[in-house]
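Working notes, structure below.
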Amino acid sequence: MNDGFWLRVGAVWGFLGVAIGAFGAHGLKSQLEAAGKAASFQTGVDYHIYMALALVAVGILQVVGRSGPALQLAGWMFLVGAILFSGSIYALSLTSVRGIWWVTPTGGLLILVGWAALAVAAGTAGRPAVADRPEAAAVAAGSH
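The sequence shown begins at 56 in the numbering used here and counts up one residue at a time.
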(Lines of atoms letter the chains of each structure in order from A and count residues from 1; the text may use other names and numbers.)
(Lines give C-alpha, C1' and ligand atoms only; values in the text may rest on other atoms or scores of the structure.)
Protein backbone atom coordinates (compact mmCIF):
# COMPACT_ATOMS: atom_id res chain seq x y z
CA MET A 1 0.00 0.00 0.00
CA ASN A 2 2.10 2.93 -1.25
CA ASP A 3 -0.76 5.07 -2.46
CA GLY A 4 -0.09 7.91 -0.03
CA PHE A 5 -2.75 6.87 2.48
CA TRP A 6 -0.69 7.81 5.54
CA LEU A 7 0.47 11.04 3.91
CA ARG A 8 -3.16 12.05 3.44
CA VAL A 9 -4.06 10.97 6.98
CA GLY A 10 -1.14 13.01 8.35
CA ALA A 11 -2.17 16.08 6.36
CA VAL A 12 -5.78 15.86 7.58
CA TRP A 13 -4.61 15.25 11.15
CA GLY A 14 -2.33 18.29 10.93
CA PHE A 15 -5.17 20.41 9.55
CA LEU A 16 -7.39 19.36 12.45
CA GLY A 17 -4.63 20.04 14.97
CA VAL A 18 -4.11 23.58 13.73
CA ALA A 19 -7.87 24.20 13.61
CA ILE A 20 -8.41 22.87 17.15
CA GLY A 21 -5.43 24.87 18.40
CA ALA A 22 -6.77 28.07 16.86
CA PHE A 23 -10.24 27.44 18.25
CA GLY A 24 -8.79 26.79 21.70
CA ALA A 25 -6.62 29.91 21.59
CA HIS A 26 -9.44 32.17 20.44
CA GLY A 27 -12.92 30.68 20.78
CA LEU A 28 -12.34 28.78 24.02
CA LYS A 29 -9.67 30.98 25.60
CA SER A 30 -11.79 32.48 28.39
CA GLN A 31 -13.45 29.14 29.24
CA LEU A 32 -10.11 27.30 29.38
CA GLU A 33 -8.42 30.03 31.41
CA ALA A 34 -11.34 30.28 33.87
CA ALA A 35 -11.15 26.52 34.45
CA GLY A 36 -7.34 26.58 34.68
CA LYS A 37 -7.16 24.17 31.74
CA ALA A 38 -5.48 26.27 29.03
CA ALA A 39 -2.08 24.60 29.49
CA SER A 40 -3.60 21.10 29.45
CA PHE A 41 -5.56 21.88 26.30
CA GLN A 42 -2.38 23.22 24.66
CA THR A 43 -0.58 19.98 25.55
CA GLY A 44 -3.29 18.09 23.67
CA VAL A 45 -2.84 20.39 20.66
CA ASP A 46 0.96 20.06 20.76
CA TYR A 47 0.88 16.27 20.72
CA HIS A 48 -1.88 16.32 18.10
CA ILE A 49 0.45 18.22 15.78
CA TYR A 50 3.50 16.09 16.70
CA MET A 51 1.52 13.02 15.68
CA ALA A 52 0.48 14.70 12.42
CA LEU A 53 4.17 15.12 11.63
CA ALA A 54 4.85 11.50 12.61
CA LEU A 55 2.04 10.37 10.29
CA VAL A 56 3.52 12.46 7.47
CA ALA A 57 6.86 10.68 8.08
CA VAL A 58 5.08 7.33 7.84
CA GLY A 59 3.41 8.55 4.65
CA ILE A 60 6.71 9.60 3.10
CA LEU A 61 8.27 6.21 3.84
CA GLN A 62 5.19 4.56 2.38
CA VAL A 63 5.27 6.61 -0.84
CA VAL A 64 8.96 5.88 -1.44
CA GLY A 65 8.23 2.16 -1.19
CA ARG A 66 9.45 1.37 2.32
CA SER A 67 6.10 0.02 3.41
CA GLY A 68 5.75 -3.10 5.48
CA PRO A 69 4.01 -4.42 8.57
CA ALA A 70 6.09 -2.30 10.98
CA LEU A 71 5.31 0.88 9.04
CA GLN A 72 1.59 0.09 8.99
CA LEU A 73 1.71 -0.61 12.73
CA ALA A 74 3.46 2.73 13.29
CA GLY A 75 0.79 4.59 11.34
CA TRP A 76 -2.08 2.97 13.19
CA MET A 77 -0.45 3.39 16.61
CA PHE A 78 0.25 7.07 15.94
CA LEU A 79 -3.31 7.69 14.77
CA VAL A 80 -5.15 5.73 17.47
CA GLY A 81 -2.70 6.89 20.14
CA ALA A 82 -3.19 10.53 19.15
CA ILE A 83 -6.96 10.18 19.11
CA LEU A 84 -6.89 8.72 22.62
CA PHE A 85 -4.16 10.97 24.03
CA SER A 86 -5.15 14.34 22.59
CA GLY A 87 -8.85 13.53 22.47
CA SER A 88 -8.95 12.66 26.16
CA ILE A 89 -7.02 15.80 27.06
CA TYR A 90 -9.49 17.88 25.05
CA ALA A 91 -12.41 16.17 26.79
CA LEU A 92 -10.87 16.53 30.26
CA SER A 93 -10.12 20.21 29.57
CA LEU A 94 -13.60 21.07 28.32
CA THR A 95 -15.92 18.92 30.43
CA SER A 96 -16.36 17.81 34.01
CA VAL A 97 -15.97 14.14 33.03
CA ARG A 98 -13.21 12.58 35.12
CA GLY A 99 -13.73 8.85 34.58
CA ILE A 100 -11.68 8.80 31.38
CA TRP A 101 -8.33 9.78 32.95
CA TRP A 102 -6.88 6.36 32.01
CA VAL A 103 -7.39 7.02 28.29
CA THR A 104 -4.57 9.59 28.20
CA PRO A 105 -1.74 7.25 29.31
CA THR A 106 -3.16 4.48 27.12
CA GLY A 107 -2.89 6.81 24.13
CA GLY A 108 0.63 7.75 25.20
CA LEU A 109 1.63 4.09 25.35
CA LEU A 110 0.29 3.51 21.83
CA ILE A 111 2.28 6.52 20.62
CA LEU A 112 5.44 4.98 22.13
CA VAL A 113 4.68 1.71 20.31
CA GLY A 114 4.29 3.78 17.13
CA TRP A 115 7.73 5.34 17.55
CA ALA A 116 9.31 1.92 18.15
CA ALA A 117 7.55 0.50 15.10
CA LEU A 118 8.70 3.47 13.00
CA ALA A 119 12.29 2.84 14.09
CA VAL A 120 11.99 -0.78 12.97
CA ALA A 121 10.27 0.22 9.72
CA ALA A 122 12.87 2.85 8.88
CA GLY A 123 15.63 0.32 9.36
CA THR A 124 14.15 -2.69 7.61
CA ALA A 125 11.12 -2.05 5.43
CA GLY A 126 11.68 -2.28 1.71
CA ARG A 127 15.42 -2.95 1.93
CA PRO A 128 16.75 -5.21 -0.78
CA ALA A 129 18.34 -8.48 0.25
CA VAL A 130 22.09 -8.29 0.91
CA ALA A 131 22.84 -10.18 -2.30
CA ASP A 132 20.82 -7.62 -4.28
CA ARG A 133 22.80 -4.61 -3.04
CA PRO A 134 25.77 -3.75 -5.31
CA GLU A 135 28.10 -2.80 -2.45
CA ALA A 136 27.37 -6.08 -0.66
CA ALA A 137 27.87 -8.09 -3.85
CA ALA A 138 31.26 -6.41 -4.42
CA VAL A 139 32.42 -7.23 -0.88
CA ALA A 140 31.17 -10.80 -1.22
CA ALA A 141 33.08 -11.18 -4.51
CA GLY A 142 36.27 -9.97 -2.85
CA SER A 143 36.61 -6.66 -4.73
CA HIS A 144 36.97 -3.59 -2.55
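All residues carry an ideal CB built from backbone N, CA and C; glycine is no exception.
The model shown is predicted, which means the values in this text are computed figures rather than measured ones.
- Cβ contact annotation for Leu139 (same chain, cutoff 7 Å, sequence separation greater than five): Val158, Thr161, Gly162, Leu165, in chain order.
- For Asp58, no alpha helix (DSSP H) encloses it, and the DSSP letter there is neither H nor E.
- One thing to note: Leu134 has its Cβ within 8 Å of the Cβ of Leu110.
- When rounded, the separation of the alpha-carbon atoms in Leu126 and Val119 is 12 Å.
- Secondary structure of Ile155 (DSSP, three-state): coil.
- Gly79 carries a helical assignment under DSSP once its states are collapsed to helix, strand and coil.
- Put simply, the region 60 to 68 does not touch the region 84 to 97. Fewer than three CB pairs are less than 8 Å apart.
- For secondary structure counted as the alpha helix (DSSP H) over 4 or more consecutive residues, the region 109 to 162 holds these complete runs in sequence order: 124 to 149.
- Here the C-alpha atom of His103 lies approximately 24 Å from the C-alpha atom of Gly123.
- In this chain, Lys92 is not harboured by any alpha helix (DSSP H), its DSSP state being neither H nor E.
- For the options Gly99, Leu128, Ser85, the alpha carbon positioned closest to that of Val175 is the one of Leu128.
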